[in-house]
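**Student:** The following block contains the structure, expressed as structure tokens.
2 protein chains.
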Amino acid sequence: MSDNWLSKVNWAQDGLVPAVAQEASGGRVLTLAWMNREALKKTVHTGEAHYWSRSRKKIWRKGEESGHVQKVKSIHLDCDEDVILLEVEQIGGIACHTGRHSCFFQKLIDGNWVPTEPVLKDPAEIYRK
Amino acid sequence: MSDNWLSKVNWAQDGLVPAVAQEASGGRVLTLAWMNREALKKTVHTGEAHYWSRSRKKIWRKGEESGHVQKVKSIHLDCDEDVILLEVEQIGGIACHTGRHSCFFQKLIDGNWVPTEPVLKDPAEIYRK
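Quick note, the sequences are listed as chains A and B, same order.
26 is the number of the first residue of the first sequence in this note's numbering; add one for each residue after it.
26 is the number of the first residue of the second sequence in this note's numbering; add one for each residue after it.
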């Protein structure tokens, strides 16, 4: 297929757009990461979420170290064509590098960000070589 | 309450972070917009979603023209403390300026972004003065 769909995305000046991953079953918002053209292309062609790491400045296959891959069920674009939404199956049930289900585990309660989700697996175990 | 919770957010160099709004009932991801400190503060203090408009360069109360206000049920922060997630009640059931329920109405199907949601109300009616 042609790459017209890639050009329809309004990539920002830095070549990136935010990409939200939502769990297909249950609807939890798991992660927000960043994509460039190559990351979106790889996501589409492999069916697994790929992102651009702004800190490491490279493409990153979600789960490449942890095994916590995001299998992509569907890909959506917003009205301004500058945000991606992925519906995913989160392998291992852990999206966050802290070992929690979702990255959005801190909730604002009475002026404090309170962790409201358990650590399901010790990161030292997730990332041991 | 003190503003420590505001300082815990890792505001980017431009003073902004992305803010995802998810419908509390049903879990649909509705919008992604941007917040600065003032927008988050107003969101917390009023219970209605406020964003920073990057194009108009001003604070914007979601729904101020359309009436499609987002009533905030809870506010969440991710592990890197640079993304906000709001759980909201979407007044009017329309989050998108195109008159659709969600902004993420385009789905990638066979290499094309296909609108997969109906327009619930004509934007000309939503935004008439």
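In this text, a Cβ means the ideal position worked out from N, Cα and C, and glycines have one as well.
All values reported here derive from a predicted model rather than from experimental measurement.
I need the boundaries of the beta strand (DSSP E) containing A/H75, first residue and last residue.
**Tutor:** Here residue 75 of chain A corresponds to residue number 50 of the first sequence, with the count starting at 1. Taken as a continuous stretch (DSSP letters only), the beta strand (DSSP E) holding A/H75 covers H75 to S78.
**Student:** Using a Cβ cut-off of 7 Å, pull out every chain A residue sitting near B/P43, in sequence order please.
**Tutor:** Position 18 of the second sequence holds residue 43 of chain B. Near B/P43 (Cβ distances below 7 Å), the residues of chain A are P43 and L57.
**Student:** With a threshold of 7 Å between beta carbons, is A/D39 in contact with chain B?
**Tutor:** If you number the first sequence from 1, residue 39 of chain A lands on position 14. So, not an interface residue.
**Student:** For A/Y152 and B/L31, what's the separation of their Cα atoms in angstroms?
**Tutor:** By one-based count along the first sequence, residue 152 of chain A stands at place 127. By one-based count along the second sequence, residue 31 of chain B stands at place 6. Computed Cα separation, rounded: 31 Å.
**Student:** Rank A/G117, A/I109, A/T141 and A/G136 by C-alpha distance to the C-alpha of A/K33 and give the top, closest one.
**Tutor:** Stepping through the first sequence from its first residue, residue 33 of chain A is reached at position 8. The shortest C-alpha separation from A/K33 is found at A/I109.
**Student:** Measure the C-alpha to C-alpha separation of A/G124 and A/H75 and round it to an integer number of angstroms.
**Tutor:** Along the first sequence, one-based indexing puts residue 124 of chain A at 99. Along the first sequence, one-based indexing puts residue 75 of chain A at 50. Roughly 19 Å between the two C-alpha positions.
**Student:** Between B/I84 and chain A, is there a C-beta pair that is closer than 7 Å?
**Tutor:** On the second sequence, position 59 is the one that residue 84 of chain B refers to. By this cut-off, B/I84 is not an interface position.
**Student:** Does the stretch 119 to 137 of chain B touch the stretch 64 to 74 of chain B, meaning 3 or more C-beta pairs lie closer than 8 Å?
**Tutor:** Touching, no.
**Student:** Straight-line CA distance for A/I116 to A/W85?
**Tutor:** Within the first sequence, the letter at position 91 stands for residue 116 of chain A. Within the first sequence, the letter at position 60 stands for residue 85 of chain A. Each residue's alpha carbon lies about 16 Å from the other.
**Student:** Are the beta-carbon atoms of B/E48 and B/L55 separated by less than 7 Å?
**Tutor:** For the purposes of this step, residue 48 of chain B is taken as residue 23 along the second sequence, with counting starting at 1. For the purposes of this step, residue 55 of chain B is taken as residue 30 along the second sequence, with counting starting at 1. Yes, these two residues count as a Cβ contact at 7 Å.
**Student:** Can you name the start and end residues of the beta strand (DSSP E) that A/T68 belongs to?
**Tutor:** Numbered from its first residue, the first sequence carries residue 68 of chain A at position 43. Counting along the chain, A/T68 falls outside any beta strand (DSSP E), though it belongs to the alpha helix (DSSP H) covering R62 to T71.
**Student:** Between the Cα of B/E114 and the Cα atoms of B/S50, B/G92 and B/A149, which residue gives the shortest distance?
**Tutor:** Counting from 1 along the second sequence, the entry for residue 114 of chain B is found at position 89. Answer by Cα proximity: B/S50.
**Student:** Quick check on A/H126 - is its C-beta less than 7 Å from some C-beta in chain B?
**Tutor:** Position 101 of the first sequence, counted from the start, is the residue given in the question as residue 126 of chain A. Chain B, which has no Cβ nearer than 7 Å to the Cβ of A/H126, makes this no.
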